[in-house]
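Reminder that position 13 of the sequence shown reads as 0 in my numbering, one-by-one numbering, no gaps. Have a look at the structure below, then the notes.
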Amino acid sequence: MHGQDRPDRTLDELRQLLQDRAPSLQPLAPAAGVDRYVTRRESEITPKTVDEYRRKLDYFLEFCEMQGIDDLNAFDGRLVDDYRVWRRDHASDAVDTLGAKTMRDEMYLFRSFLRYLESIEAVRPGLADRVVVPELGDRDGVRDVEIAPEQVAAILEYLNTHRYADREHVVWLLHCRTGRRPGAIQSLDVPDVHLEAEPYLTFRHRPGEGSRLKNGTKGEGDIAIMDAVAAVLEDYIEHHREPVTDEYGREPLLTSAQGRLSKSVMRRYFYKWSRPCAYTNECPHGEVIEACPAAQSMDAASKCPSSHASYATRHGHITQLRRLGVPKSVISDRCDVSEEIIDKHYDERTAEDRRQLQRDLFEQLHEQADEDRGYI
């Protein structure tokens, strides 16, 4: 009996010894910790990477604010895991869930940050080892995020015919025709929809009233919509919108009987209608529709290889505008995206696309010019 007790006592003694020898933690606010870490790394990385680190660690500061953490000494293993889950599933308005490659990069930085905090006695020793860094499969980081324009047109045509001006039709239409993030579209209220002669939508950052824009007040603005879109919105508001008011006295545009429509429900609508069988009654993957789980259940719709999340329409909208030669400054204002990000992620034009765009533009200028064309 005593032989069995001794290993347990030895472990307890070792734990106590390690605890006694562990350095005492020094108080440090989260923002100060981020500043110190970035300053420490500035001599090792490029200015562009410095900006990237600050942007990524802003999510950490947001998480600390949500959790009421004003001293990094309080950060423990459970909070490390909570942050990982929150960062993956809830922190981004751009995508529904961060992919494995993005999460790997995020967690590498987070682990490096915690190791630095350990070195300056701001968090308990060994905390960085609690960070789980995802392993990548062969296909992780490789995905087609854009729904082809012709596919979007077919889906919208089907909804316009069979589900005209209902909630699902409007959710799809707003995403496809504005290029805005799901969180921004979810935040729209009825008074934000202007249906006069030149219709437009107003996007506002209202953190004190239950809705935020990804880039705060910088993401605010009015964006024009076509008359056809305005007509659908008018019919939706008049005939299909659930007449609810939220806890802040606001009238959400997109509603259910429970209140403002959630982003998770909107996400389900995208998986549902991006399945080819939903609007063509055919399966490009050779499945028997009646026997396919992804075809028969909206809960399983995301399992269809052809289904897409809502972010795919934002990507497609911005990419299509670039293909058409719309200036980056116009796209930036309309879609709340920086010109740098447009260049990095959304400009997928080939060299042939660029040549054709130049040719079309100069042909238009040539037709409009006077006889004495000079340089044109």
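Backbone N, C-alpha and C fix where the C-beta goes; we use that ideal spot for every residue, glycine too.
{"query": "Contact belief for P178 with A217 at Cβ below 8 Å, rounded distance in angstroms", "result": "About 15 Å separates the two Cβ atoms, so there is no contact after all."}
{"query": "is_contact[K315, chain D] using C-beta, thresh 8 Å", "result": "This model lacks chain D altogether; it includes just one protein chain."}
{"query": "8 Å Cβ cutoff met for D76 and L200", "result": "no"}
{"query": "Cut-off 8 Å between Cβ atoms - residues of its own chain near I329, not counting five sequence neighbours on either side", "result": "I305, R309, K315, I318 and S319"}
{"query": "Cβ distance (whole Å) where S261 is taken to contact I142 below 8 Å", "result": "7 Å"}
{"query": "Neighbour-count burial assignment, D22, 16 or more Cβ in a 10 Å radius", "result": "exposed"}
{"query": "Bridge partner(s) assigned by DSSP for P239", "result": "D176"}
{"query": "Sequence-distant residues of its chain with Cβ nearer than 7 Å to L101 (five each side left out)", "result": "V110, L114, A115 and V118"}
{"query": "Y151, DSSP secondary structure in three states", "result": "coil"}
{"query": "Beta carbon of R71 nearer than 8 Å to that of M94", "result": "yes"}
{"query": "Q173, buried or exposed, once every other Cβ within 10 Å from all chains shown has been counted against 16", "result": "buried"}
{"query": "Alpha carbon of V120 to alpha carbon of P17, nearest angstrom", "result": "22 Å"}
{"query": "Backbone CA spacing between M285 and L348 [nearest angstrom]", "result": "45 Å"}
{"query": "Residue of K35, G206, R255 and L12 minimising C-alpha distance to A61", "result": "L12"}
{"query": "Same chain only: Cβ atoms within 8 Å of R364, ignoring 5 sequence neighbours per side", "result": "In this structure the chain extends from -12 to 363, so residue 364 is not present and cannot be described."}
{"query": "Coarse secondary structure for I107, derived from DSSP in three states", "result": "coil"}
{"query": "The stretch 274 to 282 in contact with the stretch 188 to 207 per 3-pair CB rule at 8 Å", "result": "no"}
{"query": "Expected contact under 8 Å - CB spacing of S243 and E221 to nearest Å", "result": "The Cβ separation is near 20 Å, so there is no contact."}
{"query": "Under the three-state DSSP convention, the category Q343 falls into", "result": "helix"}
{"query": "With 16 other Cβ atoms within 10 Å as the buried cut-off, status of S106", "result": "exposed"}
{"query": "Outcome for D68 when other beta-carbon atoms lying within 10 angstroms are tallied against a minimum of 16", "result": "exposed"}
{"query": "Residue range of the unbroken beta strand (DSSP E) whose run includes L15", "result": "L15 -> no beta strand (DSSP E), and no H or E assigned at all."}
{"query": "Inter-residue CB distance, P239 and V231 (contact presumed, cutoff 8 Å)", "result": "7 Å"}
{"query": "Classification of D158 by the beta-carbon crowding that lies within 10 angstroms, buried from 16 upward", "result": "The identity of residue 158 in the sequence shown is Val, whereas the question assumes Asp. Buried: at least 16 other Cβ atoms inside 10 Å."}
{"query": "Residue from S249, Q245, E31 and Y151 with nearest C-alpha to I224", "result": "Y151"}
{"query": "Length of the line joining the Cα atoms of C264 and L15", "result": "55 Å"}
{"query": "Same chain, Cβ closer than 6 Å to A171, five either side skipped, listed in chain order", "result": "F190 and L200"}
{"query": "DSSP three-state assignment for T306, whether helix, strand or coil", "result": "helix"}
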